[in-house]
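Chemist: One structure is given below, represented as C-alpha cells, and several questions about it will come after.
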Amino acid sequence: MNLFSLMARHGYALTFGLLLAEAIGLPFPAAIALVAAGAAIAAHTLWGPYVLLAAVTALLLGDTVQFWLGRYMGWLLLGFLCRVSINPETCILRSAESFYKRGKVTLVIAKFIPGVNTMAAPLAGSMKMRFWQFLRLDFAGALMYSLTYLVVGFLSRDFLKAILRGFHAAGRAMEAVIICALVVYAIYRIVQYRKYRMYRVVPRVQVQELAARLASEEAGRVQIVDVRSHGYYDPGAARIKNSIRIEPNNLEEELKHLSKDKDIYLYCT
Amino acid sequence: MLREKGFSTFVIVGGLTAWRKAGEPVESVPENDLVKLPTFS
Numbered sequence: 001m002n003l004f005s006l007m008a009r010h011g012y013a014l015t016f017g018l019l020l021a022e023a024i025g026l027p028f029p030a031a032i033a034l035v036a037a038g039a040a041i042a043a044h045t046l047w048g049p050y051v052l053l054a055a056v057t058a059l060l061l062g063d064t065v066q067f068w069l070g071r072y073m074g075w076l077l078l079g080f081l082c083r084v085s086i087n088p089e090t091c092i093l094r095s096a097e098s099f100y101k102r103g104k105v106t107l108v109i110a111k112f113i114p115g116v117n118t119m120a121a122p123l124a125g126s127m128k129m130r131f132w133q134f135l136r137l138d139f140a141g142a143l144m145y146s147l148t149y150l151v152v153g154f155l156s157r158d159f160l161k162a163i164l165r166g167f168h169a170a171g172r173a174m175e176a177v178i179i180c181a182l183v184v185y186a187i188y189r190i191v192q193y194r195k196y197r198m199y200r201v202v203p204r205v206q207v208q209e210l211a212a213r214l215a216s217e218e219a220g221r222v223q224i225v226d227v228r229s230h231g232y233y234d235p236g237a238a239r240i241k242n243s244i245r246i247e248p249n250n251l252e253e254e255l256k257h258l259s260k261d262k263d264i265y266l267y268c269t
Numbered sequence: 270m271l272r273e274k275g276f277s278t279f280v281i282v283g284g285l286t287a288w289r290k291a292g293e294p295v296e297s298v299p300e301n302d303l304v305k306l307p308t309f310s
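Protein chains in written order, with the numbering used here: chain B, 1 to 269; chain C, 270 to 310.
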C-alpha cells in the first residue's frame, strides 16, 4: 500500500486531512499529497474539481484558525512555530519584517516558501491585517499552491509510477539506510545529553529566601534576571522590581550585561 | 550555559507568578524595553 493506492481509495478525505494538517502547522507532506492526487486525477480515480475544492477548503480553514490564533495569542504562538529555529526571537521579528516589507501579497506566494508558509497566516493575524483582505489573498495563495502541485502530479503520473517501482525494488536497502540514520541520530542525542547533563541541575531558591536576601546587607550581590521570551512585548507587561531582561536565545551577546561578582537569579513566568 | 561561563546562577521557584503571590514588589516594563511587531493597521 503506497500513497498513490491510498489516494485512489480515499483521495478526497486524504487530501483534505493532509492539507489541513499542514495548514495548522503540523509537519505533513501536503505537496506530496497534492502530487499524488494529481496522479490519481490523471488515472481517472479522482475528479479534479472535487480534489481542488477539498484542498482549497482545507488550506483556508487551517489558515483561518492560525490567523485568529495569531491575532489573540501573538508571540506565544509565533514562538511555538519558531521553535525549530536556533533563535526563536529573531525568527519571529525577521519573518515579520520580511512579511511587512514584501507586502500583503506575500500571502499569495507564502505556501511555496519553506518556513514562511507556516508563519504567514498567524503573522498576518498578529500584524492586524484585516480578515477579509487576508481571506482574499489566502484564497488566491491556496488556489495557486493546490493547482500547481495537482498539475505536476497530473503531468508526471508515469514518471512517479517508475520512481515508486524503484523504491519498491530497493526496499531492503532503503530500510537499512533509514535504520542507520536513526541510530546515528540517537547516538548524537545521547552524546549531547551527557555533555549537558551536569549543567541541568541549577540550584533553586524560594521567593521568601531571595526576598530575605534582598532585605539584608547582601542585596548588592544579587542580580535578578528575566529570561522570558515573550514577556516584554505587550504594553502593561510587568517584571520583578529592579530586574533586567536578557534574551535567552542570544546568551553570548547578553553576557556583557551580567556580573560574575554577583549571584544571578533567573525567572520566567 | 551561564554556569559553564562561570556565573553563579540560581532559579527562582515559581517565577514571576510566585513572586507576585508572595506580595513582593513588581514594576511595569519600561516603554523603551518593549519590543513591538510591525502592524498593517
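Cβ atoms here follow ideal geometry from the backbone N, Cα and C, with glycine treated the same way.
1. What is the residue span of the alpha helix (DSSP H) that Arg289 (chain C) lies within?
2. Could you tell me whether the Cβ of Pro294 (chain C) comes closer than 7 Å to any Cβ of chain B?
3. For Val108 (chain B), which option in B:Ser146, B:Arg71 and B:Ala58 has the closest C-alpha, if you only look at C-alpha atoms?
4. Should Lys260 (chain B) be flagged as near chain C, meaning a C-beta pair shorter than 7 Å?
5. Quick check: Ala33 (chain B) and Gly11 (chain B), are their CB atoms within less than 7 Å of each other?
6. With distances taken from CA atoms, which of B:Phe154, B:Met119, B:Leu60 and B:Lys104 is nearest His44 (chain B)?
7. Taking Cβ to Cβ, would you say Leu46 (chain B) is nearer than 7 Å to Ala39 (chain B)?
8. To the nearest whole angstrom, what separates the beta carbons of Leu14 (chain B) and Leu6 (chain B), a pair I think is in contact under 8 Å?
9. Give the DSSP bridge partners of Val222 (chain B), in chain order.
10. With 7 Å set as the bound, which would you pick, yes or no: does the beta-carbon of Cys180 (chain B) sit closer than that to a beta-carbon of chain C?
11. Would you decide whether Ala110 (chain B) is buried or exposed? Buried here means 16 or more other CB atoms lie within 10 Å of its CB.
12. From Ala55 (chain B) to Ala237 (chain B), what distance separates their C-alpha atoms?
13. When we look at the beta-carbon of Arg239 (chain B) and count the other beta-carbons within 10 Å, is it buried (16 or more) or exposed?
14. Verify whether the separation of the beta carbon atoms of Ser243 (chain B) and Ile264 (chain B) is less than 7 Å.
15. Tell me where the beta strand (DSSP E) around Ala238 (chain B) begins and ends.
16. Would you say the beta carbon of Phe134 (chain B) comes nearer than 6 Å to a heavy atom of the ligand ADP?
17. Kindly list, in the order they appear in chain C, the residues whose Cβ is closer than 8 Å to that of Gln208 (chain B).
18. What does a CB cutoff of less than 6 Å around Lys262 (chain B) pick up in its chain, not counting 5 residues either side in sequence?
19. Between Val116 (chain B) and chain C, is there a C-beta pair that is closer than 7 Å?
20. With a cut-off of 8 Å on the beta carbons, I'd call Glu293 (chain C) and Ala211 (chain B) a contact; round off their distance for me.
21. In the DSSP output, what is Ile244 (chain B) paired with across the bridge?
22. Does Val227 (chain B) have its Cβ less than 7 Å from a Cβ in chain C?
23. For Phe276 (chain C), which of helix, strand or coil comes out of DSSP?
24. For Ile113 (chain B), which three-state DSSP category applies?
25. Does any residue of chain C bring its CB to less than 7 Å from the CB of Leu137 (chain B)?
Modeler: Taking the geometry as given:
1. Counting from 1 along the second sequence, the entry for residue 289 (chain C) is found at position 20. For Arg289 (chain C), the enclosing alpha helix (DSSP H) covers residues Gly284 to Lys290.
2. On the second sequence, position 25 is the one that residue 294 (chain C) refers to. With 7 Å as the cut-off, Pro294 (chain C) counts as an interface residue toward chain B.
3. By 1-based counting over the first sequence, the position of residue 108 (chain B) is 108. Distance from the Cα of Val108 (chain B) is smallest, within the candidate group B:Ser146, B:Arg71 and B:Ala58, for B:Ser146.
4. If you number the first sequence from 1, residue 260 (chain B) lands on position 260. Lys260 (chain B) counts as touching chain C.
5. Looking up residue 33 (chain B) in the first sequence gives position 33. Looking up residue 11 (chain B) in the first sequence gives position 11. No; because the gap between Cβ atoms is not below 7 Å, this pair is not in contact.
6. Your numbering for residue 44 (chain B) matches position 44 in the first sequence. The residue among B:Phe154, B:Met119, B:Leu60 and B:Lys104 with its C-alpha nearest the C-alpha of His44 (chain B) is B:Phe154.
7. For the purposes of this step, residue 46 (chain B) is identified with residue 46 of the first sequence, where counting begins at 1. For the purposes of this step, residue 39 (chain B) is identified with residue 39 of the first sequence, where counting begins at 1. 7 Å or more divides the Cβ of Leu46 (chain B) from the Cβ of Ala39 (chain B).
8. Position 14 of the first sequence holds residue 14 (chain B). Position 6 of the first sequence holds residue 6 (chain B). Correct: roughly 6 Å between the Cβ atoms.
9. Working through the first sequence from its first residue, we reach residue 222 (chain B) at position 222. Paired residues: B:Asp263.
10. Here residue 180 (chain B) corresponds to residue number 180 of the first sequence, with the count starting at 1. Output row for Cys180 (chain B): interface = no.
11. As a first step, residue 110 (chain B) is located in the first sequence; it is residue number 110 there, counting from the start. When all chains shown are included, Ala110 (chain B) counts as buried.
12. Within the first sequence, residue 55 (chain B) is the residue found at index 55, counting from 1. Within the first sequence, residue 237 (chain B) is the residue found at index 237, counting from 1. One C-alpha to the other measures close to 41 Å.
13. Your numbering for residue 239 (chain B) matches position 239 in the first sequence. The residue in question, Arg239 (chain B), is buried, as its Cβ has 16 or more Cβ neighbours within 10 Å.
14. Position 243 of the first sequence, counted from the first residue, corresponds to residue 243 (chain B). Position 264 of the first sequence, counted from the first residue, corresponds to residue 264 (chain B). Not closer than 7 Å, so no.
15. In the first sequence, the residue the question calls residue 238 (chain B) occupies position 238. In this chain, the beta strand (DSSP E) harbouring Ala238 (chain B) covers Ala238 to Ile240.
16. Ligands displayed in this structure: none; no statement on the ligand ADP is therefore possible.
17. As a position in the first sequence, residue 208 (chain B) is number 208, starting the count at 1. The contacting residues are Ala291.
18. Locating residue 262 (chain B) in the first sequence gives position 262, counting from the first residue. These residues qualify, in order along the chain: Arg221 and Gln223.
19. Here residue 116 (chain B) refers to the residue found at position 116 when the first sequence is read from its first residue. Not one chain C Cβ lies under 7 Å of Val116 (chain B).
20. Locating residue 293 (chain C) in the second sequence gives position 24, counting from the first residue. Locating residue 211 (chain B) in the first sequence gives position 211, counting from the first residue. Cβ atoms of Glu293 (chain C) and Ala211 (chain B) come within 8 Å of each other, at about 5 Å.
21. By 1-based counting over the first sequence, the position of residue 244 (chain B) is 244. Residue pairing from DSSP places Ile244 (chain B) in a beta bridge opposite B:Val225.
22. Taking the first sequence and counting its residues from 1, the one referred to as residue 227 (chain B) is at position 227. Not one chain C Cβ lies under 7 Å of Val227 (chain B).
23. In the second sequence, the residue the question calls residue 276 (chain C) occupies position 7. The answer is coil: DSSP assigns Phe276 (chain C) none of H, G, I, E or B.
24. Within the first sequence, residue 113 (chain B) is the residue found at index 113, counting from 1. If DSSP states are grouped into helix, strand and coil, Ile113 (chain B) belongs with coil.
25. Along the first sequence, one-based indexing puts residue 137 (chain B) at 137. False, the Cβ-Cβ gap to chain C never drops below 7 Å.
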